[in-house]
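Participant: Numbering-wise, the sequence shown is residues 41 to 568 according to the numbering used here. We treat Cβ as the ideally placed atom computed from N, Cα and C, and that holds for glycine.
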Amino acid sequence: MKEMRKISLTIEALSPLVLTAGSQGAILTESGDAISGSIVRGMIAARFIEAQNLGRAAHESEAFRRLFAGALKFSAAYPSKGGESAMRLPLSLQKDKLSPALADLSASDGTALKGYKPLKGCGIVRGAAIERVETKKNISLHMSRDEDGERLAGKSTEGGIYSYESLLPGQAFCGEIVGEAADIQELLTSIDCEDGAFLSQIGKSRSTQYGLCRIALNAPAPLEPLAQSLLSSTLRLRLATPLLSDAAFSRNAREVLDEEILAPLKESAESDDFSLGRIFAASASASNFVGVWNMRRPTQFGLDAGSIFELKKASPWTSRDAAALAAILAEGAGSRTEEGFGRLALWTVDAPTLFESTQERPERRTVKSERARAIVRAVLRRRIAQSVRLAAYKDASALTGRLAGMTHAFARLEAMLGPREDLEGAPARFRAKFAAEVGAKRTPLARHLEGVKLGAAELRDILRGERPELSPYASLDLSAEVPQELAEDAGFSRPALKDDGEIFYDYWLWFFRHARKRAVQQRKEAAD
């Protein structure tokens, strides 16, 4: 049996890193959140070539071809925090939109939950607790200067511009190299780096101000064995990195998993009663430019990192079955495993929880431009108005009572609001007009309002404004529309809802209009 070992490595960004993501525009070059296994392999290969003085004849070295073309598996390096490596979160995870509650569809019946959204990105898993990890990025504007004269002058006559999104320096990424013990030791001996660390340039524009990083290699360690206690009739396997197939076209997830994982597992195992259960997956493709070839590699298709699926087995696990699965977990599945594609891991979390760090937040960058602050304040006021109008629509839909004959009554109430001017005095003007026409009199408008309720309160009592606690929008939660930090940066004060004339005007204008539409609808239904 092979003695498999691994080398854990840490990549520290010493300058901004531009790691080209999949989709690019003509102006903006986006950066990914992780350092791919292809880049990790390239970094180690460059160090190997330098240490062995291979130059441009590296392909003639048998050791180079063997180590970097199959014997070793270079896994992608994901963001780390406090020395702990993050991973791509399973696609079965969902988070409540209004609270930190999490749900794992792979541990339930798989039905999407109302009010939940997918939890994407990277995170550190400690037992059942998940802490999200996000990379820090920046966008820098550059100007194209193709000619020597343009470079000396510091300007471009054609005015070509482009932007780079880069990972900020100071961040760390953790990955690993997996292989047989002899190959691992040969690699460490060949690269001959002092204290297990060396410098490298990676990513786009790595010959300029981008791409400098420091790679630190830890001492080899044995791979953790597959615990027999984890083997059951249904296992959940998670793709730690994208799984690629050799097909030149995209296929559905079940076909890819059946061909790239299930078939090799059955071939190596003692049993053949393996099958696939539920699948939570997303498609992915890989295509990159190879500088040595001076051309792009053909695009390959497969499943994205974070995809999760059930592996079922009808009979008990034998030692040979477990060894076959352990081999796939160690070496990967599918195509281009030497570049870290097709890495799998068991997913054993049933009831995940979201861990929110209580560490002190970094200092925010203040908004210095008064024009920018004014724009932010205008946007916040617009978001408040939209929330108030939505609340008015919902309240108008919840009105009870006989509305069929109130089309003119709601139009009359809307007219009492008057034109949209001097909004500070809008509440007093409306209530004065309302008291003059309704009051304690038996006017047609007063008769129409009898029995019309919003919740448990009479609409007439609400419109009088004598009891502020009856205001339907006084307790409206605007925390989502007006984030506290953004409001502080822009110098925006959240309005007191019950005293704000603009909010009063917007709410009742939209309330009366939607109520009138309901009155028309009820009248048509009564006529039918």
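Distance, Cα to Cα, A345 vs A322?
Facilitator: For the purposes of this step, residue 345 is taken as the residue at position 305 of the sequence shown. For the purposes of this step, residue 322 is taken as the residue at position 282 of the sequence shown. Taking the straight line joining both Cα atoms gives about 8 Å.
Participant: Strictly by DSSP, which residues pair up with N178?
Facilitator: Here residue 178 refers to the residue found at position 138 when the sequence shown is read from its first residue. Beta-bridge pairing links N178 to S206.
Participant: Give the C-beta separation of P119 and A74 to the nearest angstrom, bearing in mind that I take them to be a contact with Cβ-Cβ under 8 Å.
Facilitator: As a position in the sequence shown, residue 119 is number 79, starting the count at 1. As a position in the sequence shown, residue 74 is number 34, starting the count at 1. Their Cβ separation, rounded to whole angstroms, is 7 Å, which keeps P119 and A74 in contact under 8 Å.
Participant: In this structure, how does DSSP classify G541 when only helix, strand and coil are distinguished?
Facilitator: Taking the first residue of the sequence shown as 1, we reach residue 541 at position 501. G541: helix per DSSP, three-state reduction.
Participant: Ordered along the chain, which non-local residues of its own chain (more than five positions away) have a Cβ less than 8 Å from that of D223?
Facilitator: If you number the sequence shown from 1, residue 223 lands on position 183. Closer than 8 Å at the Cβ level, and outside the excluded window around D223, lie R106, L107, A111, L112.
Participant: Examine the Cβ distances between the segment 231 to 238 and the segment 85 to 96 and report whether three or more of them are shorter than 8 Å.
Facilitator: Yes, the segment 231 to 238 touches the segment 85 to 96.
Participant: Tell me the residue span of the beta strand (DSSP E) that contains Q241.
Facilitator: Residue mapping note: residue 241 aligns to position 201 of the sequence shown, counting from 1. Residues 237 to 241.
Participant: With a cut-off of 8 Å, do at least 3 Cβ pairs link the segment 244 to 253 to the segment 154 to 169?
Facilitator: Segments in contact, no.
Participant: Express the C-alpha separation of L503 and G458 in angstroms, rounding to a whole number.
Facilitator: Indexing the sequence shown from 1 puts residue 458 at position 418. Indexing the sequence shown from 1 puts residue 503 at position 463. Rounded to the nearest angstrom, the two C-alpha atoms are 15 Å apart.
Participant: For H554, I'd like the list of residues in its chain whose CB is within less than 6 Å of its CB, leaving aside the five on either flank, ordered along the chain.
Facilitator: Reading the sequence shown from its first residue, position 514 is the one you call residue 554. The residues are Y433, A436.
Participant: Relative to the C-alpha of T327, which candidate in T175, L49, S76 has its C-alpha closest?
Facilitator: One-based indexing of the sequence shown puts residue 327 at position 287. Residue identity differs from the one stated: residue 327 is Ser in this sequence, not Thr. The residue with the shortest Cα to Cα distance from S327 is S76.
Participant: Kindly indicate the opening and closing residues of the beta strand (DSSP E) around A256.
Facilitator: Translated into the one-based positions of the sequence shown, residue 256 becomes position 216. Here the beta strand (DSSP E) through A256 covers 252 to 257.
Participant: So M127 and A364 are in contact, right, with Cβ under 8 Å, and what is the actual spacing, rounded?
Facilitator: On the sequence shown, position 87 is the one that residue 127 refers to. On the sequence shown, position 324 is the one that residue 364 refers to. So it is not a contact: roughly 24 Å between Cβ atoms.
Participant: DSSP on Q268, reduced to helix/strand/coil?
Facilitator: Residue mapping note: residue 268 aligns to position 228 of the sequence shown, counting from 1. The answer is helix: DSSP assigns Q268 an H, G or I state.
Participant: Going by DSSP, what residue range makes up the alpha helix (DSSP H) through R360?
Facilitator: Locating residue 360 in the sequence shown gives position 320, where the first residue counts as 1. Run containing R360: 359 to 371, per the alpha helix (DSSP H) assignment.
Participant: Hey, quick one: how far does the alpha helix (DSSP H) through R106 stretch, first residue to last?
Facilitator: Along the sequence shown, one-based indexing puts residue 106 at 66. 102 to 106 is the span of the alpha helix (DSSP H), which, as asked, contains R106.
Participant: Exposed or buried, what is G382 when buried is set at 16 or more other beta-carbons lying within 10 Å of its beta-carbon?
Facilitator: Numbered from 1 along the sequence shown, position 342 holds the residue referred to as residue 382. G382 should be labelled buried.
Participant: G219 and L284 look like a contact to me (Cβ under 8 Å); what is the Cβ gap, rounded to whole Å?
Facilitator: On the sequence shown, residue 219 is found 179 positions in, with the first residue counted as 1. On the sequence shown, residue 284 is found 244 positions in, with the first residue counted as 1. Not really, about 20 Å apart at Cβ, beyond 8 Å.
Participant: Nearest by alpha-carbon distance to T358: which of V330, E264, S115, A309 is it?
Facilitator: As a first step, residue 358 is located in the sequence shown; it is residue number 318 there, counting from the start. Answer by Cα proximity: A309.
Participant: For a quick check, are the C-beta atoms of L526 and V416 less than 8 Å apart?
Facilitator: Counting from one through the sequence shown, the residue named residue 526 turns up at place 486. Counting from one through the sequence shown, the residue named residue 416 turns up at place 376. Yes. Within cutoff.
Participant: Between the alpha carbons of S511 and F551, how many angstroms are there, rounded?
Facilitator: The residue labelled residue 511 in the question sits at position 471 within the sequence shown. The residue labelled residue 551 in the question sits at position 511 within the sequence shown. The alpha-carbon atoms of S511 and F551 are separated by roughly 13 Å.
Participant: Got a sec? Which residues, its chain only, sit under 8 Å from F314 by beta carbon, not counting five neighbours each side?
Facilitator: Within the sequence shown, residue 314 is the residue found at index 274, counting from 1. Around F314: L302, L305, K306, L351, K352, K353.
Participant: Is it buried or exposed, T274, if we count other Cβ atoms within 10 angstroms and call 16 or more buried?
Facilitator: Against the sequence shown, residue 274 aligns to sequence position 234. Its Cβ having fewer than 16 others within 10 Å, T274 is exposed.
Participant: So what does DSSP say about E310, is it helix, strand or coil?
Facilitator: Position 270 of the sequence shown holds residue 310. Reduced to three states, the DSSP call for E310 is coil.
Participant: Using DSSP with H/G/I as helix, E/B as strand and the rest coil, what is D144?
Facilitator: For the purposes of this step, residue 144 is taken as residue 104 along the sequence shown, with counting starting at 1. The answer is strand: DSSP assigns D144 an E or B state.
Participant: Identify every residue that forms a DSSP beta bridge with R262.
Facilitator: Mapped onto the sequence shown, residue 262 falls at position 222. According to the sequence as given, residue 262 is Pro; it is not Arg. According to DSSP, P262 bridges with R45.
Participant: Roughly how many whole angstroms lie between the Cα atoms of A438 and P130?
Facilitator: Along the sequence shown, read from residue 1 onward, the residue named residue 438 stands at position 398. Along the sequence shown, read from residue 1 onward, the residue named residue 130 stands at position 90. Going by the C-alpha atoms only, they are around 40 Å apart.
Participant: Classify I179 as buried or exposed, calling it buried when 16 or more other Cβ atoms lie within 10 Å of its own Cβ.
Facilitator: Along the sequence shown, one-based indexing puts residue 179 at 139. Exposed: under 16 other Cβ atoms inside 10 Å.
Participant: Any beta-carbon of chain B closer than 8 Å to the one on T69?
Facilitator: Of the protein chains in this structure there is only one, and it is not chain B.
Participant: Would a C-beta distance cut-off of 8 Å place A319 and F289 closer than the cut-off?
Facilitator: On the sequence shown, position 279 is the one that residue 319 refers to. On the sequence shown, position 249 is the one that residue 289 refers to. According to the sequence shown, residue 319 is Ile rather than Ala. No, Cβ-Cβ distance for I319 and F289 is not below 8 Å.
Participant: My understanding is that E378 touches F114, with C-beta atoms under 8 Å, so please give their C-beta distance in whole angstroms.
Facilitator: Position 338 of the sequence shown holds residue 378. Position 74 of the sequence shown holds residue 114. That pair is a contact at about 7 Å.
Participant: Can you tell me the Cβ-Cβ gap for V419 and Y547, rounded? I've got them flagged as a contact below 8 Å.
Facilitator: As a working mapping, residue 419 is identified with position 379 in the sequence shown. As a working mapping, residue 547 is identified with position 507 in the sequence shown. Rounded, the Cβ-Cβ distance is 20 Å, inconsistent with contact.
Participant: From this set, Q268, G251, M456, which residue's C-alpha is nearest L208's C-alpha?
Facilitator: Start at 1 with the first residue of the sequence shown, and residue 208 comes out as number 168. The residue with the shortest Cα to Cα distance from L208 is G251.
Participant: To the nearest angstrom, report how far apart E226 and A362 are at their CA atoms.
Facilitator: Against the sequence shown, residue 226 aligns to sequence position 186. Against the sequence shown, residue 362 aligns to sequence position 322. E226 and A362: Cα-Cα distance of roughly 29 Å.
Participant: Quick check on DSSP: helix, strand or coil for K352?
Facilitator: Reading the sequence shown from its first residue, position 312 is the one you call residue 352. Three-state result, K352: strand.
Participant: Between R452 and L485, which are expected to be in contact by the criterion C-beta below 8 Å, what is the C-beta distance as a whole number of angstroms?
Facilitator: Along the sequence shown, read from residue 1 onward, the residue named residue 452 stands at position 412. Along the sequence shown, read from residue 1 onward, the residue named residue 485 stands at position 445. The pair is a contact, with the Cβ atoms about 6 Å apart (cut-off 8 Å).
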